[in-house]
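Peer 1:
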Amino acid sequence: MLVAHRIRLDPNNVQASQLARAAGVARFAYNWARKTDPTLPAPSQLALRRQLNAAKREQFPWMLEVTKNAPQMAIIQLGKAFENFFAKRARYPSLRRKGRDDRFTLSNDQFDVNDQRIRIPKLGWVRMREALRFTGRIVSAAVSRKAGRWYASITVETPALSLPPAENQGAVGVDLGITALATLSTGEVIPGPKALRTLLARLRRLGRELSRKMKGSRNRAQAKLKLARLHARIANVRRDGLHQLTTRLTRRFHTVGMEDLNVKGILGNRRLARAVADMGWYELRRQLDYKAAWRGGQVVLADRWYPSSKLCAGCGHRLEDLALQVRRWTCPGCGADHDRDVNAAVNLKNMAVSSTVSACGGEGSGPARKRRAKPAPVKQESSGMASFE
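Take 17 as the starting number for the sequence shown in the working numbering and just add one per residue.
1. Cβ atoms of Q31 and V142: under 7 Å apart, would you say?
2. Straight-line CA distance for L258 to P207?
3. If distances are taken between C-alpha atoms only, which option among Q132, V129, E183, K114 comes closest to R161?
4. I need the straight-line Cα distance from G40 to R287, nearest angstrom please.
5. Which word fits L68, buried or exposed, when buried means at least 16 other C-beta atoms lie within 10 angstroms of its C-beta?
6. Return the CA-CA distance between F98 and A63, expressed in angstroms with no decimal places.
7. How many whole angstroms separate the CB atoms of P87 and A42, which I take to be in contact at a CB cut-off of 8 Å?
8. Under 8 Å: do the segment 262 to 280 and the segment 312 to 323 share three or more Cβ pairs, one atom per stretch?
9. If G189 sits next to K365, beta carbons under 8 Å apart, how far is it from one beta carbon to the other, in whole angstroms?
10. Tell me which same chain residues have a C-beta within less than 8 Å of the C-beta of D26, skipping the five on either side of it?
11. Report the rounded CA-to-CA distance for T266 versus R290, giving the unit in angstroms.
12. Can you name, in chain order, every residue of its own chain whose Cβ lies under 6 Å from the Cβ of D409, other than the five neighbours on each side?
13. Tell me the rounded alpha-carbon separation between D117 and L304.
14. Is the separation between the beta-carbon of L215 and that of I250 shorter than 7 Å?
15. Give me the DSSP bridge partner(s) of Y167.
16. Roughly how many whole angstroms lie between the Cα atoms of A368 and R264?
17. Leaving out five residues before and five after M230 in sequence, what residues of the same chain have Cβ atoms less than 7 Å from its Cβ?
18. Looking only at its own chain, which residues have a Cβ that is under 6 Å from the Cβ of L335, when we skip the five neighbours before and after it?
19. Just verifying my parser: in three-state terms, what is the DSSP assignment at F44?
20. Check this for me: beta carbons of D357 and R344, under 7 Å apart or not?
21. Decide if K280 is buried, meaning its Cβ has at least 16 other Cβ atoms within 10 Å, or exposed.
22. Kindly indicate the opening and closing residues of the alpha helix (DSSP H) around H259.
23. What residues match up with F76 in a beta bridge as DSSP calls it?
24. W321 by DSSP, collapsed to three states: which one?
25. Could you give the C-beta distance for R149 and E173, rounded to a whole number, given that I count them as a contact under 8 Å?
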């Protein structure tokens, strides 16, 4: 099983300059090899590497100042991009840009990790903000810069992770929303961090300040960095909140029932797009998938058209229509008074339990499909607030 841990680096000024130089070499090699005519047969990454090795000592001697992995891995990545393009799985590879694609990759024989340090060829030991969380065979490391800060995403091949099972081995329904991030079938309401909404005024102000700076000036570069760091902060606050919620759910419950929402389609609604994107619905489901699998649990997804809000959790009566602005309703069948979100969460829990019983050979049915996270690469974000033990 492959897992990745993304750790922030703490380089000094000389090391930061060398990291930027290595990223520049990787970007140049990628763009240099990309100039291949798309009408010709697909070039292999081995042929592209041979061409660059033959030319770099005479034409590009400055490439020898950084680790050889930087251009080699960039061309390997381009070779895979070409394979996807000629197989009609992706578009023609685009150029990498300075400031946006500042990254390079190291293979496992080109670096070492020791406690809170990583050794990079021709650079030496660079401090990390925390130690590597996983144990096993180190596969690779991707070094990248985001908002002026350097990170190393270290991929480790480890046996299937096995954390302690959920506390009560029960089931819970999770109804996602925009007023509150999640409503549980237990009645709990999780508001969510709403990072973008909280910092939107500051974000707009920094955007206006950037637009007034002269292009190419140092002041513009500083204003651009401020704006980028605020965007990064918003993303980090949102991600940390999702990690804390998903960890708490998988610790408490063995089975999680939720809707298979068409997030991309919902984002097409201009009135809801910002609020939906600020909540991070898809990222929440992705984290639940692999964290539940680590604890031997499962995520059960309801059909996209499952009427969780319109069904009475008590008697099963279904309403023909329920407007979005109606937050409470009374069942015509049994007279029960329902909170829209709590009722939907209870229905999702019942659906998950029914589907699990059916899958085990008992009686039960539900418009759902059981989803176990496959042992695919997952990325852990470094955070001092969330725990994964």
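The beta-carbon is built from N, C-alpha and C at its ideal position, and this holds for glycine as well.
Peer 2: Well, looking at it:
1. Within the sequence shown, numbered from 1, the residue matching residue 142 stands at position 126. Within the sequence shown, numbered from 1, the residue matching residue 31 stands at position 15. A contact, by the Cβ cut-off of 7 Å.
2. In the sequence shown, residue 258 corresponds to position 242, counting from 1. In the sequence shown, residue 207 corresponds to position 191, counting from 1. Approximately 11 Å, taken between the alpha carbons.
3. Here residue 161 corresponds to residue number 145 of the sequence shown, with the count starting at 1. Residue K114 is the option with its Cα nearest to R161.
4. Residue mapping note: residue 40 aligns to position 24 of the sequence shown, counting from 1. Residue mapping note: residue 287 aligns to position 271 of the sequence shown, counting from 1. Between G40 and R287, the C-alpha separation is close to 40 Å.
5. One-based indexing of the sequence shown puts residue 68 at position 52. Its Cβ being crowded by 16 or more others within 10 Å, L68 is buried.
6. In the sequence shown, counting from the first residue as 1, residue 98 sits at position 82. In the sequence shown, counting from the first residue as 1, residue 63 sits at position 47. Between F98 and A63, the C-alpha separation is close to 13 Å.
7. One-based indexing of the sequence shown puts residue 87 at position 71. One-based indexing of the sequence shown puts residue 42 at position 26. Rounded, the Cβ-Cβ distance is 6 Å, consistent with contact.
8. yes
9. The residue you call residue 189 lines up with position 173 of the sequence shown. The residue you call residue 365 lines up with position 349 of the sequence shown. Contact holds; Cβ gap of about 3 Å.
10. Along the sequence shown, read from residue 1 onward, the residue named residue 26 stands at position 10. The answer, listed in chain order, is V142, R143, M144, R145.
11. Taking the sequence shown and counting its residues from 1, one reaches residue 266 at position 250. Taking the sequence shown and counting its residues from 1, one reaches residue 290 at position 274. Cα-Cα distance, rounded: 28 Å.
12. Outside the modelled stretch of the chain, which goes from 17 to 405, sits residue 409, for which no answer is possible.
13. Here the question's residue 117 lines up with position 101 in the sequence shown. Here the question's residue 304 lines up with position 288 in the sequence shown. Looking at the two C-alpha atoms, the distance is approximately 29 Å.
14. Reading the sequence shown from its first residue, position 199 is the one you call residue 215. Reading the sequence shown from its first residue, position 234 is the one you call residue 250. Yes, these two residues count as a Cβ contact at 7 Å.
15. For the purposes of this step, residue 167 is identified with residue 151 of the sequence shown, where counting begins at 1. Y167 is bridged to R24, S160.
16. Stepping through the sequence shown from its first residue, residue 368 is reached at position 352. Stepping through the sequence shown from its first residue, residue 264 is reached at position 248. The straight-line gap from Cα to Cα measures roughly 19 Å.
17. Stepping through the sequence shown from its first residue, residue 230 is reached at position 214. Taken in chain order, the residues that qualify are R236.
18. Translated into positions along the sequence shown, residue 335 becomes position 319. Answer for L335: K326, listed in chain order.
19. The residue labelled residue 44 in the question sits at position 28 within the sequence shown. The answer is helix: DSSP assigns F44 an H, G or I state.
20. Your numbering for residue 357 matches position 341 in the sequence shown. Your numbering for residue 344 matches position 328 in the sequence shown. Not in contact: D357 and R344 (Cβ atoms no closer than 7 Å).
21. Translated into the one-based positions of the sequence shown, residue 280 becomes position 264. Burial call: exposed.
22. Working through the sequence shown from its first residue, we reach residue 259 at position 243. Segment 234 to 268, the alpha helix (DSSP H) holding H259.
23. Numbered from its first residue, the sequence shown carries residue 76 at position 60. In the DSSP output, where bridge partners are listed per residue, F76 has none listed.
24. Stepping through the sequence shown from its first residue, residue 321 is reached at position 305. Three-state result, W321: coil.
25. By one-based count along the sequence shown, residue 149 stands at place 133. By one-based count along the sequence shown, residue 173 stands at place 157. Going by Cβ atoms, the distance from R149 to E173 rounds to 14 Å, so no, they are not a contact pair.
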